[in-house]
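The next block holds one structure in the form of structure tokens; read it before the comments.
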Amino acid sequence: MLYIRALRTSRQKNSPGFELAAVFVFMTQPPTTLPPAPADSDLLLVQHAVEGNQRAFELLVLKYQRRVARLVARMVRDSDLVDDVVQETFIRAYRALHQFRGEAQFYTWLYRIAVNTAKKALVDLRRNPVMNESAFRARDDDDETSPVSNELSTDETPETVLAAKEIGEAVNSAMEALPEDLRQAVTLREIEGLSYDEIAEVMNCPIGTVRSRIFRAREAISAKVKPLLTNQTGKRW
Amino acid sequence: MDRTLENRELISDLADGWLDDADAAKLLDQLSADDDAAVSWEIYHLSRDVLRGDWSVGADATAGAVNGLSADFMVRLRARLAEEQIEPVLPESLPQPVMAPTFQAEAANQPLFRWRMVAGLASVLAVAGLGWGLLGQQDPARQGGQIAANAVIPAGVQAVAVSLPGDERAVMLRDPRLDELLAAHKQAAGASALQMPAGFLRNATFEGASR
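Listed below in structure tokens is the structure:
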């Protein structure tokens with residue numbers, strides 16, 4: 085039996101390079117629900133971190149620092165406090181890492197720690213959070229990747245807004261410049277969240293080819309984005 | 018393949034949950050000397066955020082959200098972790114590393130195993146004893162002859178020449194004192210397994226290889 089699955093369209097409506105998102109996929113297996121954001125690597129890294137591998141935890145920090153920083157910046161007016169709160173969030177997460185059972189996604193778990201840490205910091209400073217409780221609850225129940233665009237923060241500057249725009253444009257232009265097979269592979273992976281197995285079936289090629297195409301696509305994107313980051317943040321280790 | 022390129026490829030696999038536990042451990046060991054791989058890891062996820070529309074464009078474009086946290090964030094974080102000597106506790110739910118046991122606890126079936134060894138040893142000894150006995154019965158004349166040939170006839174023992182079937186001649190040794198003793202105690206001498214008087218059988222033997 086042949087199954088037809090329509091791919092989602094990207095949330096970023098105006099971004100170029102997403103014509104592929106409108107294609108229909110013919111699969112020989114019954115379509116499953118859309119997979120969540122890949123989190124298997126998170127659990128693997130947590131396990132290594134719990135066993136004492138600090139580098140594993142640092143990879144989690146590098147992965148989620150921006151999201152946590154954005155969340156904290158929505159709550160804390162003092163931009164100088166954001167770094168401290170984010171750091172305290174990761175410290176607390178590291179201390180409680182053995183309590184993470186993998187039942188929820190790691191970011192969901194980290195998100196709650198960040199909110200509690202920010203609240204405590206605000207209590208300590210006798211300030212009020214920018215976000216109210218209803219906004220927290222809505223965020224808790226919502227998909228963790230969905231942006232809350234109606235909340236304002238006082239931490240953004242014209243420079244950071246420009247930098248964000250440049251990074252977004254760099255990624256999208258790199259996507260446009262990719263060969264068709266690479267673009268299709270990385271789109272199915274990053275936007276649709278398909279597994280390598282599913283992508284191999286969709287693209288009718290071996291898994292090794294899928295793996296290679298995704299890596300080459302990422303390398304091409306990285307080459308465009310890297311100059312925009314390394315000038316600003318320096319070394320990671 | 019270039020090591021850094023290989024690491025980046027493994028980082029890409031790790032970002033997709035495609036690395037198994039052992040390969041992930043190897044990669045993590047190599048990352049401390051490979052800043053390039055860490056940057057790639059960061060960019061791969063940043064790109065994913067952009068492609069999914071979860072990117073700080075506009076109001077969310079804070080410094081930390083766009084550029085990442087300050088340049089020395091990881092340095093300070095690492096220092097905090099070391100300073101506080103945070104030792105994560107191994108949870109029961111996570112797979113525990115296999116440790117070599119320092120104490121060999123007795124297995125539940127250890128006594129059974131010990132008795133099996135005893136039984137096996139006893140069987141070997143029984144078979145050996147039986148085999149030895151059978152070997153002795155196979156050629157009794159030769160063995161007895163050797164003993165008799167080497168024996169010194171004690172004083173008072175008579176050597177009587179007798180003829181055996183097949184024209185064989187042999188010397189039969191008899192001790193008169195034993196004859197007297199058996200004659201005096203016939204009842205105590207008992208009978209052989211063939212219900213015959215055992216006296217003669219016990220006090221005479223053949224000398225030499227004819228036995």
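The listed protein sequences correspond, in order, to chains A and B. For the first sequence, the positions run 85 to 321 when our numbering is used. For the second sequence, the positions run 18 to 228 when our numbering is used. Virtual Cβ for every residue (Gly too), placed ideally from N, Cα, C. Quantities reported herein were computed from a predicted structural model and do not represent experimental measurements.
query = What are the boundary residues of the alpha helix (DSSP H) that includes A:G252?
reply = Indexing the first sequence from 1 puts residue 252 of chain A at position 168. First-last of the alpha helix (DSSP H) with A:G252: P242 to A261.
_Contact defined as beta carbons within less than 8 Å: I believe A:L55 pairs with B:A55. What is the distance between those atoms, to the nearest angstrom?_
Here chain A comprises residues numbered 85 to 321, so residue 55 of chain A is not present and cannot be evaluated.
Q. Would the region 277-287 of chain A and the region 240-257 of chain A be scored as touching if the rule is three or more Cβ pairs under 8 Å?
A. No: the two stretches stay apart, fewer than three of their Cβ pairs being nearer than 8 Å.
* What first and last residue would you give for the alpha helix (DSSP H) that runs through A:Q268? -> By one-based count along the first sequence, residue 268 of chain A stands at place 184. Counting along the chain, the alpha helix (DSSP H) containing A:Q268 begins and ends at E264 to E274.
(Q) Pop quiz: A:V160 and A:V169 are said to be a contact at Cβ under 8 Å. What is the actual Cβ separation, rounded to whole angstroms? (A) Stepping through the first sequence from its first residue, residue 160 of chain A is reached at position 76. Stepping through the first sequence from its first residue, residue 169 of chain A is reached at position 85. Taking a contact as a CB-CB distance under 8 Å, the pair A:V160 and A:V169 counts as one, their CB atoms being some 6 Å apart.
Report task. Please name the residue, chosen from A:E243, A:A140, A:L272 and A:E274, that lies closest to A:F174 on a Cα-to-Cα basis. Result -> If you number the first sequence from 1, residue 174 of chain A lands on position 90. Among A:E243, A:A140, A:L272 and A:E274, the Cα nearest to that of A:F174 belongs to A:A140.
Notebook entry, point to check: Would the beta-carbon of A:V255 fall within 8 Å of that of A:I197?
Noted result: On the first sequence, position 171 is the one that residue 255 of chain A refers to. On the first sequence, position 113 is the one that residue 197 of chain A refers to. Against a cut-off of 8 Å, the Cβ pair of A:I197 and A:V255 comes out as no contact.
- Message: Measuring CB atoms only, is the region 256-270 of chain A touching the region 45-63 of chain B, in the sense that at least three cross pairs come out at less than 8 Å?
- Response: Cβ pair count under 8 Å is below three, so no.
- A:F299 versus B:L22 - alpha carbon distance: For the purposes of this step, residue 299 of chain A is taken as residue 215 along the first sequence, with counting starting at 1. For the purposes of this step, residue 22 of chain B is taken as residue 5 along the second sequence, with counting starting at 1. Within the model, the alpha-carbon separation for A:F299 versus B:L22 is close to 10 Å.
_Let me check one thing: in DSSP terms, what residues is A:L129 bridge-paired to?_
By one-based count along the first sequence, residue 129 of chain A stands at place 45. DSSP, once it has assigned bridges, lists no residue as partnering A:L129.
Could you give the DSSP three-state label for B:R69: helix, strand or coil? For this step, residue 69 of chain B is matched to residue 52 along the second sequence. Coil, per DSSP.
*Please decide whether B:S140 counts as near chain A, where near means a Cβ-Cβ distance under 8 Å.*
The sequence position of residue 140 of chain B within the second sequence is 123, counting from 1. Not one chain A Cβ lies under 8 Å of B:S140.
- Task: Measuring only between beta-carbons, confirm whether B:L147 sits less than 8 Å from chain A.
- Result: Here residue 147 of chain B is taken as the residue at index 130 of the second sequence, counted from 1. Taking 8 Å as the CB threshold, B:L147 stays off the interface with chain A.
Worksheet item: Mind checking B:E197: buried by the 16 CB within 10 Å criterion, or exposed?
Response: Here residue 197 of chain B refers to the residue found at position 180 of the second sequence. Exposed, by the Cβ-count rule.
Report task. Using the Cα positions of A:E260 and A:Q149, report the straight-line distance between them to the nearest angstrom. Result -> By one-based count along the first sequence, residue 260 of chain A stands at place 176. By one-based count along the first sequence, residue 149 of chain A stands at place 65. Roughly 27 Å between the two C-alpha positions.
(request) Label B:R25 either buried or exposed according to how many other C-beta atoms from any shown protein chain fall within 10 Å of its C-beta, with 16 as the threshold for buried. (result) Translated into the one-based positions of the second sequence, residue 25 of chain B becomes position 8. The residue in question, B:R25, is buried, as its Cβ has 16 or more Cβ neighbours within 10 Å.
- Message: Let me check understanding here. Comparing Cα to Cα, which of A:R179, A:E264 and A:Q189 lies closest to B:E100?
- Response: Numbered from its first residue, the second sequence carries residue 100 of chain B at position 83. The candidate whose alpha carbon is nearest that of B:E100 is A:R179.
### Task
Name the residue from A:E285, A:L127, A:T293 and A:L313 whose alpha carbon lies nearest to the alpha carbon of A:L266.
Here residue 266 of chain A refers to the residue found at position 182 when the first sequence is read from its first residue. Of the candidates A:E285, A:L127, A:T293 and A:L313, the one whose C-alpha sits nearest the C-alpha of A:L266 is A:T293.
Review point. Hey, A:A177 and A:L194: beta-carbon distance below 8 Å or not?
Key: Locating residue 177 of chain A in the first sequence gives position 93, counting from the first residue. Locating residue 194 of chain A in the first sequence gives position 110, counting from the first residue. Taking 8 Å as the Cβ cut-off, A:A177 and A:L194 qualify as a contacting pair.
| task | Using only alpha-carbon positions, find the residue among A:L129, A:L209, A:K203 and A:Q131 that is nearest to A:R158. | result | On the first sequence, position 74 is the one that residue 158 of chain A refers to. Among A:L129, A:L209, A:K203 and A:Q131, the Cα nearest to that of A:R158 is on A:K203.
Fill in: Residue-level contact to chain A via CB, B:R133, 8 Å cutoff
By 1-based counting over the second sequence, the position of residue 133 of chain B is 116. Not closer than 8 Å to any Cβ of chain A, the Cβ of B:R133 fails to qualify, so no.
- request: Indicate whether at least one CB of chain A lies closer than 8 Å to the CB of B:V67.
  value: Within the second sequence, residue 67 of chain B is the residue found at index 50, counting from 1. Residue contact check for B:V67 against chain A: a CB pair falls below 8 Å.
| said: Does the distance between the C-beta of A:N288 and the nearest non-hydrogen atom of the ligand ADP fall short of 7 Å? | reply: As presented, the structure is devoid of all ligands, the ligand ADP included, so that no description of it is given.
(Q) Does the CB of B:D38 have a neighbour CB from chain A at under 8 Å? (A) Along the second sequence, read from residue 1 onward, the residue named residue 38 of chain B stands at position 21. So yes, B:D38 belongs to the interface.
When burial is assigned at 16 or more other CB atoms within 10 Å of the CB, is B:S49 buried or exposed?
Translated into positions along the second sequence, residue 49 of chain B becomes position 32. Counting Cβ neighbours within 10 Å, B:S49 comes out exposed, since fewer than 16 surround it.
In chain order, what residues of the same chain lie with their CB nearer than 6 Å to the CB of A:I359, ignoring the 5 residues before and after it? Past the boundaries of the shown model lies residue 359 of chain A; chain A is included only from 85 to 321, so the question cannot be answered.
| query | Is A:N200 buried or exposed, if buried means 16 or more other CB atoms sit within 10 Å of its CB? | reply | The residue given as residue 200 of chain A occupies position 116 in the first sequence. That one is exposed.
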